[in-house]
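**Student:**
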Amino acid sequence: MVGPGGNRNNYQRQDTRAAYNNRQPQSAQPQPQPVPAEKLPAEYVDQAEAVMLSLRTTDKHGNLKFNITASKIRKILTLVTDILNEERFNKNAELNQANIQRLSMARVRIAYDAGRDNGVKEFAEKAKLLNYIKGIGKSRAEFIRFAEYMEALVAWHRYLGGEN
1 MVGPGGNRNN
11 YQRQDTRAAY
21 NNRQPQSAQP
31 QPQPVPAEKL
41 PAEYVDQAEA
51 VMLSLRTTDK
61 HGNLKFNITA
71 SKIRKILTLV
81 TDILNEERFN
91 KNAELNQANI
101 QRLSMARVRI
111 AYDAGRDNGV
121 KEFAEKAKLL
131 NYIKGIGKSR
141 AEFIRFAEYM
151 EALVAWHRYL
161 GGEN
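Residue numbers (full-length UniProt numbering): 1 to 164.
#1: Assess, as a yes-or-no matter, whether the segment 49-60 is touched by the segment 136-150 under the definition of 3 or more beta carbon pairs within less than 8 angstroms.
#2: Taking its Cβ as the centre, do 16 or more other Cβ atoms sit within 10 Å of Asn90, making it buried, or is it exposed?
#3: Does the segment 125-133 come within contact of the segment 36-47, defined as at least 3 CB pairs closer than 8 angstroms?
#4: With DSSP as the reference, label Phe66 as helix, strand or coil.
#5: Tell me the start and end of each unbroken beta strand (DSSP E) in the segment 57-124 that is at least 3 residues and wholly inside, in chain order.
#6: Within 10 Å of its beta-carbon, does residue 198 have 16 or more other beta-carbons around it, so buried, or fewer, so exposed?
#7: For Val35, which residues from the same chain have a beta carbon less than 7 angstroms from its beta carbon, with the 5 sequence-adjacent residues on both sides left out?
#8: Does the segment 89-104 come into contact with the segment 117-125, if we say contact requires no fewer than three beta-carbon pairs (one atom in each stretch) closer than 8 angstroms?
#9: Give me whichever residues DSSP pairs with Ser139 in a beta bridge.
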């Protein structure tokens, strides 16, 4: 009887497949770094356009398309808009504590969705959503600008041919 690898000796394994436990040590894998906080630039509408232009790809027929649907972007926008609707009545310079917590949870939700879907991950990374949310801090004005940035991303996606 011929054994694995074409050898007649059944006691020696001579196949060339990699063993399951033949993995790289943990230290050789790149360690994830914390997302740095960044302030949203003043020209965020132009940045939104540039982000959406960079996300366009072509399908096998040569048609332009996005790897993220409008509904997935709107899902993120809804998280932000819900907070914005409450903050419109707030006259303080800082977000209220409940909305700071909701914004933190929105950041977690975006990270989760990005981990599940490569299209969302590419969108979140190129748009720097996690960086900008972290950069908002407690500033109400920064949050409102971020909400407008999210609206600009949705608008440019639609304008450039994005579908639901």
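Built from N, CA and C at the ideal position, the CB exists for glycine as well.
**Tutor:** Quick answer:
#1: The segment 136-150 vs the segment 49-60: no contact.
#2: Stepping through the sequence shown from its first residue, residue 90 is reached at position 90. Asn90 is exposed by the Cβ-count criterion.
#3: yes
#4: Within the sequence shown, the letter at position 66 stands for residue 66. The answer is strand: DSSP assigns Phe66 an E or B state.
#5: 64-66
#6: Residue 198 lies beyond the stretch modelled for the chain, which goes from 1 to 164, so this question has no answer here.
#7: Against the sequence shown, residue 35 aligns to sequence position 35. Leu130, Asn131 and Lys134, listed in sequence order.
#8: No contact exists between the segment 89-104 and the segment 117-125.
#9: Translated into the one-based positions of the sequence shown, residue 139 becomes position 139. BP columns for Ser139 point to Glu94.
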